[in-house]
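In this note's numbering, the protein residues as written are 3 to 368.
See below:
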């Protein structure tokens, strides 16, 4: 019990240093401290926690704090200045900002600060203060802007609901307080310590509940864009193809750390949404497209996509067609693609069935 009390007092003195202009010294022996000292230390430690909380709020809500955090992220991960990638991300962010604004107008009160990081892993992250990065690796591994938009939409869901602050405030505070001795010894500032901790906590948003909420918000956001609504399921299928759908320890990306539901369940959640959005007419599983309980086709794989991943893009088009009543029109061929009215359904690739066979079958079963 004596040793435990000694450790608590030592930790309290270390924490108290953040609120005082003193030089860090070796811990004071427990026998030299009165109960009055213990009370004083406890109050100082509480004050230190308040200062950490205040710094988190600064990063999250002030322009200077957000710019500071952006700078720390850019320094940590590097910046890719490639004009093509930056133009793509600018376009995606512009489109999604409008989409999010239709669901949650508060986005305009705190516009996102974002950049393309030099990191080559398939990753994206949204931290405090709507500071976001999309890794170069995301553009390397995902072949369409639709899929990039799906993962960015997921991150914006975290941002709009303030998941990093809500899910990690205790962890960030605890980790920051553990480093206060470094500050007392002249090793930095509170802003630097909290910023460093935030960097290490931004890829974890606290719980599977938050991840599911962000997934569902991404769906709502994509619905309000011109991106293919099947992209949310497609990108999860891509992750499953790359890393396996159930093993979370094989992927370094924010899309599937340990606090996330497994990838296959997230894909299936989106597939269910597509089915329901179609009025329960169209579905996809393992690359097979089904319409009104009858097989439409097995989608061929391409160089960039598996059969299953590509099938979700076809399903996205079908779901939108049924949702908007385009299925009442006769399927036709236009410029080598299949349409229902003005809704693109499918652009057959090498390995797909003949386009006119597909059109006749679609007209028969739709």
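Glycine included, every Cβ here is placed at the ideal spot set by N, Cα and C.
Beta-carbon within less than 6 Å of residue 72's beta-carbon, same chain only, minus the 5 sequence neighbours each way: which residues are those? Position 70 of the chain shown holds residue 72. Answer for residue 72: 115, 133, listed in chain order.
Please report how far the alpha carbon of residue 317 lies from the alpha carbon of residue 162, in whole angstroms. On the chain shown, residue 317 is found 315 positions in, with the first residue counted as 1. On the chain shown, residue 162 is found 160 positions in, with the first residue counted as 1. Using only the alpha carbons, I get a separation of about 28 Å.
Identify the continuous alpha helix (DSSP H) that holds residue 154 and give its terminal residues. Here the question's residue 154 lines up with position 152 in the chain shown. Per DSSP, residue 154 belongs to the alpha helix (DSSP H) from 147-162.
Using 10 angstroms around the beta-carbon of residue 350, count the other beta-carbons present and answer buried if the total reaches 16, otherwise exposed. The residue labelled residue 350 in the question sits at position 348 within the chain shown. Classification of residue 350: buried, given that the 10 Å Cβ count is 16 or more.
DSSP state of residue 174 mapped onto helix, strand, coil: Walking along the chain shown from the start, residue 174 turns up at place 172. If DSSP states are grouped into helix, strand and coil, residue 174 belongs with the helices.
Residues bridged to residue 117 [DSSP beta-bridge criterion]: Here residue 117 refers to the residue found at position 115 of the chain shown. 135.
Own chain partners of residue 216 with C-beta closer than 6 Å, once the 5 adjacent residues on each side are dropped: As a working note, residue 216 is residue 214 in the chain shown. These residues qualify, in order along the chain: 156, 159, 160.
Among all the DSSP beta bridges, which residues are the ones paired with residue 336? Here residue 336 is taken as the residue at index 334 of the chain shown, counted from 1. Beta-bridge analysis with DSSP links residue 336 to 339.
For a quick check, are the C-beta atoms of residue 118 and residue 69 less than 7 Å apart? Looking up residue 118 in the chain shown gives position 116. Looking up residue 69 in the chain shown gives position 67. Residue 69 sits away from residue 118, with the two beta carbons spaced by 7 Å or more.
Could you give the residue range of the alpha helix (DSSP H) that holds residue 360? Translated into the one-based positions of the chain shown, residue 360 becomes position 358. Where residue 360 is concerned, the enclosing alpha helix (DSSP H) starts and stops at 357-367.
Can you give, in chain order, each stretch of the beta strand (DSSP E) that sits fully within the region 261-318 and has at least 3 residues? Positions of the beta strand (DSSP E) runs, each at least 3 residues long and wholly inside the region 261-318, are given as 284-287, 290-293, 296-300 in order along the chain.
Could you tell me which residues DSSP pairs with residue 127 in its beta bridges? Your numbering for residue 127 matches position 125 in the chain shown. For residue 127, which the question treats as bridged, DSSP gives the partners 135.
Rounded to whole angstroms, how far is the Cβ of residue 178 from the Cβ of residue 196, which I believe are closer than 8 Å? As a first step, residue 178 is located in the chain shown; it is residue number 176 there, counting from the start. As a first step, residue 196 is located in the chain shown; it is residue number 194 there, counting from the start. About 5 Å; that satisfies the 8 Å criterion.
Note down the Cα distance separating residue 169 from residue 61, rounded to an integer number of angstroms. For this step, residue 169 is matched to residue 167 along the chain shown. For this step, residue 61 is matched to residue 59 along the chain shown. One alpha carbon belongs to residue 169, the other to residue 61, and they sit about 15 Å apart.
When the Cα atoms are used, what is the spatial distance from residue 342 to residue 225? Taking the first residue of the chain shown as 1, we reach residue 342 at position 340. Taking the first residue of the chain shown as 1, we reach residue 225 at position 223. The alpha-carbon atoms of residue 342 and residue 225 are separated by roughly 19 Å.
Would the beta-carbon of residue 290 fall within 7 Å of that of residue 304? Mapped onto the chain shown, residue 290 falls at position 288. Mapped onto the chain shown, residue 304 falls at position 302. In this structure, residue 304 does not lie closer than 7 Å to residue 290 by Cβ.
For a test of the three-state rule: what should DSSP assign to residue 2, helix, strand or coil? The question about residue 2 has no answer here: the residues shown for the chain are numbered 3 through 368.
Mapping DSSP to helix, strand and coil, what is residue 109? For the purposes of this step, residue 109 is taken as the residue at position 107 of the chain shown. Reduced to three states, the DSSP call for residue 109 is helix.
Beta-ladder partner(s) of residue 345, from DSSP: Along the chain shown, one-based indexing puts residue 345 at 343. Answer by DSSP bridge pairing, in chain order: 342.
Spatially closest choice to residue 142 from 122, 135, 51, 153, by CA coordinates: Taking the chain shown and counting its residues from 1, the one referred to as residue 142 is at position 140. Looking at the Cα atoms, 122 is the closest of the given residues.
If you compare alpha carbons, which of 124, 154, 332, 173 is closest to residue 245? To locate residue 245, count along the chain shown from 1; it is residue 243. The option with the nearest alpha carbon to residue 245 is 124.
Let me make sure I understand the geometry here. Which of 279, 81, 355 has the alpha-carbon closest to that of residue 297? Position 295 of the chain shown holds residue 297. With distances taken between CA atoms, residue 297 lies nearest to 355 out of 279, 81, 355.
Delimiting residues of the alpha helix (DSSP H) encompassing residue 245: Working through the chain shown from its first residue, we reach residue 245 at position 243. Here the alpha helix (DSSP H) through residue 245 covers 233-245.
Out of 222, 166, 104, 145, which one is the CA nearest neighbour of residue 63? Along the chain shown, one-based indexing puts residue 63 at 61. Ranked by Cα distance from residue 63, the first of 222, 166, 104, 145 is 166.
Give the range of the alpha helix (DSSP H) segment to which residue 351 is assigned. Reading the chain shown from its first residue, position 349 is the one you call residue 351. Element bounds for residue 351: n/a, residue is neither H nor E.
Would residue 307 and residue 268 qualify as a contact pair, given that the criterion is a beta-carbon distance under 7 Å? On the chain shown, position 305 is the one that residue 307 refers to. On the chain shown, position 266 is the one that residue 268 refers to. No. Outside cutoff.
Within 10 angstroms of its Cβ, does residue 240 collect 16 or more other Cβ (buried), or is it exposed? For this step, residue 240 is matched to residue 238 along the chain shown. Classification of residue 240: buried, given that the 10 Å Cβ count is 16 or more.
How about residue 126 and residue 140: are their beta carbons less than 7 Å apart? The residue labelled residue 126 in the question sits at position 124 within the chain shown. The residue labelled residue 140 in the question sits at position 138 within the chain shown. Cβ atoms of residue 126 and residue 140: closer than 7 Å.
Could you check whether residue 364 and residue 323 sit closer than 7 Å to each other, using their CB atoms as the reference points? If you number the chain shown from 1, residue 323 lands on position 321. If you number the chain shown from 1, residue 364 lands on position 362. Taking 7 Å as the Cβ cut-off, residue 323 and residue 364 do not qualify as a contacting pair.
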